[in-house]
Every structure is written in C-alpha cells, then in structure tokens.
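Last residue of the sequence shown: 511 (the numbering used here), numbering continuous.
Idealized CB from N, CA, C, for every residue including glycine.
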Amino acid sequence: MKLKKVISALLVMTMTASLLAGCGGKTEDAPAATEDTSADTAQTEEAEPAADAEEEPAQVEEQVLKVAAFEGGYGADMWSEVVAAFEASHPGVTVELTIDKKLEDVISPSMKAGDYPDVVHLATGREAALTETLTKENALLPLTDVLEMTVPGEDVKVKDKIIPGFLDTLATNPYGDGVTYYAPMFYSPCGLFYNAGLLKEKGWDVPTTWEEMWALGDTAAADGIALFTYPTTGYFDAFTYAALASAGGSDFFNSCMTYEDGIWESENATKVFELVAQLASYTESTTVANANNDNFTKNQQLILDNKAIFCPNGTWLPGEMADAPRADGFEWGFMAIPAVNAGGAGCSFCWFEQMWIPAAAENQDMAKEFVAYMYSDEAAQIFAKSTAIQPIAGVSNYLEGDNKMFYSIYDNGATAVMGGFAATAPVEGVNMLDTLCGTVNSIVSGDKTVAEWQAAVEEVSDKLRAAME
C-alpha cells in the first residue's frame, strides 16, 4: 500500500459523543371485536382492540460483555464503578470485567486459544506491545462508525464530544489512512514535574530555556541536588516527542513518526540526541539502577526528597505518589519541555491511553455501545474522581486542586504535541521505542555514545519504513 502520513493536530478543547442502547420488545396483535348481528343492522363494524387487552412486557435481551482493562496508576475501583453504571443503563447486559496491572499476561493465553475480550483498554507503548502486535496483524475492528453513534444517555455524537485533534493522529489512526482503530482514553499533558516549594525556598527561578536549565543544574549541584531523574527510559517517549516537535515543527515530527529516509540523521534530530546526552550528565547517580518496573518509584521519590529537581511524567504522578513521604514545604510544580531553539515555544506531549475492539470479538455491537459510553458525562465524572481525565468537552468542570494547574499547561503558552510511530508489518528483532528510548540508560551510564545511538535509530527507521503498509 502507498505510504500515507498523518498530520499531528494541536490540542483544542471541545467535544461530544454517542451511541444508543438497543432493547427489543414485542406485543401480540389484539383480538378483533365481535361482529354486530342485530335485526336492525347487518353492517360489520371495524375491529378494534379489546379494552382489557394487556400489552406483554418488553423482552430484555440478556448479553454478557467481556471487558479487559489495564490497571494503571488510577487504580481499579473506577472501572468497577463505571461498569456498574453501564449495566444500570443497559438492562440485560452483564459485564465480565478483567482488571490487571499485567493485563497482557492475563488475556493473551485465552486470545491465542480463540477466546477474545469484547473490549480492551490497553495503551500502545507498553513493553509487551500487545496492542501494536494486533495492529500489525490487522486484528482490530475499525471504530469509525462508533464516532457517528450517539453517546448513550445524551443527544450528541461521539465525534462531537471528543476534543479536536485527538482523532487526527497516528495514536488513533495507526495506519495513517483516516480510519480510527483506537478510541482515545485518559489524556494527560506530559512535562517536567518538580517541587515548586524547593525553588521558592532557594530563590531559584523556573527555567524557560535549556541554557537556564544548565545554569540551574550547576547551581543545584553545589547544594548536592541533581537537576534531573526519570522513572524508566519508557518515559522518554513523551519527552523526545515534545523535543522533536520543538526542534523542527509538526512536519518534521511527522516525518520522524513515519520513518522518512535520513530523518534521524538530520540537524534537527541531532539537536535532540545531543540535548538528551547533556541532560544525562545532570542526572542523579542512582537513577539508572532503579529505572525499572520494580523500582521506578524510587526515582520519582527523588524529587519529593529534594535529591533531584525535575522528573518527566504525566498527570497521574501525584496520585501515584500520594502516600509517599516528602520534604517540608513540598508543592507540586509542572512545566513544559523548554524550547529546543532560541525564541521557540515550550512543548508538552499529550499522552493518552487507548481502548479497542478485537476483530474477533463476539459481541461487537454491544462492545461499540460500551466504547461510546466512555464519552458520556456520567462515565467521565466517575473516571475524574480517580484523576483519569477523558478527552471530552467541558471536562475541566470536574477538576480541582493540582489537576486544574496540570491541565492548564496549554493555556500558558505550551504547544501541544500528539501522535506516535506509524504502524508497520512485524519486523523480527526491531522495536523503535526500545532503540530510541531504551538506549537512554546506556547514554547516562556512558556505555554508548550519541553517534552510536543515533546510527542505531536510523537503522531501525530504515527497516520499519520498508515494512510500512
């Protein structure tokens, strides 16, 4: 197939969404009235329903909908609550809910045996890459018709409820053909989190350029405080995407995402590789040892303990660390990635999770109904209580406290960046995110050079470009 590119859209707030629940009912025909045979008249009266005929109750179709959801930093309770609300609004439907932090391990064996969930909430970018694998195998159901459905319980279409920009990205249309396969869920502006109380205490200004960042790093080092840490290298996807867009603009970013020949060897890409390498020299010394799925919270704890200043993350971080100890006067701060080029705007990658329907799902119509329900005000309010924010118009009405600050980042001048790498046919032994982001540990430790890293990314890009469909 011909290579197609998708233009990344900027985040703007508006939305509306849809889908009608269907329950069939039937009534039997009423008995005809008896014929009048009196001597005075021989005419036949038109039959009318008997006055005491009773209509049979509507028949409710019993259905079981299998929903599998990833248990992330937002917890599991919100899924149980939203499923209960869906069942209450859809008589006869019972949802079998599977929730797990390692969802792939739970559902993959059954899927290999031909038993698929009807709906799956599982984002791209995870180590197991289940979503990407099914995408490459063309094993997902198109959701474009869901966008035309009316949000259950409301009078607006799904496509009109979702914030503009979310449906014009490779993160929802993975083949770059304008067809939606991933429904956007739980969006989060990503950027650098820090202890605003520490900067106030020290009299340090929040840096707005990388030159100011390096100066702050030198000043903080004199006090025994590192400039930077990161949970795991996986968090460099959002960081790198924002830096790429800042370095070369949206067209350049899209060229990177679609593996354009030589793009990773370009001047703009080189700026980003070198920026990360310099940041590595300001990274707290224990970061690499703890940058794994078992110990990543130790790296996040560094900013709460004033041992490091900045940490890249999404808006789920405060909830994830809600019960963690912290320095006196701690106060969450949040900023965009500073502009790569002088005079440019800072950028914040808008990361969001995805929901999809397997092409082999048994109950596809009700699965679509469930996906449409995710954009209802009722569902959005339930999710928002756990700080899982749906990309729908008016969602800020449900926010309070720090979340109002986090979701105002685009109101404060940051440029929104969305999208991800284009889907390709499977290429054995090749994973772009592993090469692009996973190598950061080796850059921080000094085991690899920027030149080696850059060459490896270009090599992977070449292989994936050839595998694009």
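- Note that the C-beta distance between residue 216 and residue 465 is below 7 Å.
- As for any beta strand (DSSP E) of minimum length 3 sitting wholly inside the region 368-439, the runs are 374-377, 389-398, ordered along the chain.
- Taken through DSSP and simplified to helix, strand or coil, residue 137 comes out as strand.
- Residue 441 is bridged by DSSP to nothing; it lacks a bridge partner.
- Rounded to the nearest angstrom, the Cβ distance from residue 314 to residue 286 is 6 Å, consistent with a contact under 8 Å.
- Here residue 310 is buried. Its C-beta has 16 or more other C-beta atoms within 10 Å.
- Under DSSP, no beta-bridge partner is assigned to residue 159.
- For a cut-off of 8 Å, the C-beta gap from residue 301 to residue 478 is around 12 Å, too long to register as a contact.
- Residue pairing of residue 199 in beta bridges, as defined by DSSP: 192.
- Here residue 351 carries a strand assignment [DSSP, helix/strand/coil].
- Rounded to the nearest whole angstrom, the C-alpha separation of residue 270 and residue 126 is 42 Å.
- Between residue 417 and residue 434, the gap from beta carbon to beta carbon is short of 7 Å.
- Under the DSSP assignment, residue 227 falls in the beta strand (DSSP E) whose first and last residues are 225-231.
- Counted as a single uninterrupted DSSP element, the beta strand (DSSP E) harbouring residue 109 occupies residues 105-112.
- For residue 459, the enclosing beta strand (DSSP E) covers residues 457-459.
- Fewer than three pairs of CB atoms, one per stretch, sit closer than 8 Å, so the region 228-239 makes no contact with the region 196-204.
- Restricting attention to 192, 175, 142, the CA atom closest to the CA of residue 419 is found in 192.
- The region 103-111 and the region 155-171 touch, with three or more beta-carbon pairs separated by less than 8 Å.
- In chain order, 237, 238, 239 place their CB closer than 7 Å to the CB of residue 373, counting only its own chain and leaving out the 5 sequence neighbours on each side.
- Close CB contacts of residue 356 within its chain, under the 8 Å cut and outside five residues either way in sequence, are with 230, 231, 232, 280, 393 (chain order).
- As DSSP reads the structure, residue 268 sits in a beta bridge with 350.
- With a cutoff of 7 Å on beta-carbon distance, residue 395 and residue 165 are scored as near each other.
- For residue 251, the beta-bridge partners assigned by DSSP are 381.
- Cβ-Cβ separation between residue 402 and residue 181: approximately 7 Å, consistent with a contact (criterion under 8 Å).
- Remark: three or more beta-carbon pairs, one from each stretch, lie closer than 8 Å, so the region 251-263 and the region 375-382 are flagged as touching.
- Counting only the Cα atoms, residue 352 lies some 36 Å from residue 470.
- 218 is the residue among 369, 136, 218 whose C-alpha sits nearest the C-alpha of residue 297.
- Ranked by Cα distance from residue 442, the first of 453, 452, 426, 117 is 426.
- Between residue 224 and residue 347, the alpha-carbon positions lie close to 38 Å from each other.
- The region 145-155 makes no contact with the region 447-467; the number of CB pairs closer than 8 Å stays below 3.
- Rounded to the nearest whole angstrom, the C-alpha separation of residue 138 and residue 121 is 11 Å.
- The continuous stretches of alpha helix (DSSP H) do not include residue 365, and DSSP gives it neither H nor E.
- Taking a C-beta distance under 7 Å as the contact criterion, residue 499 and residue 330 do not qualify as a contact pair.
- Between residue 143 and residue 113, the C-beta gap is smaller than 7 Å, which places the two residues in contact.
- With a threshold of 16 other beta carbon atoms within 10 Å, residue 400 meets it and is buried.
- Judged by beta-carbon spacing, residue 268 lies within the 7 Å limit of residue 350, meaning their Cβ atoms are closer than that value.
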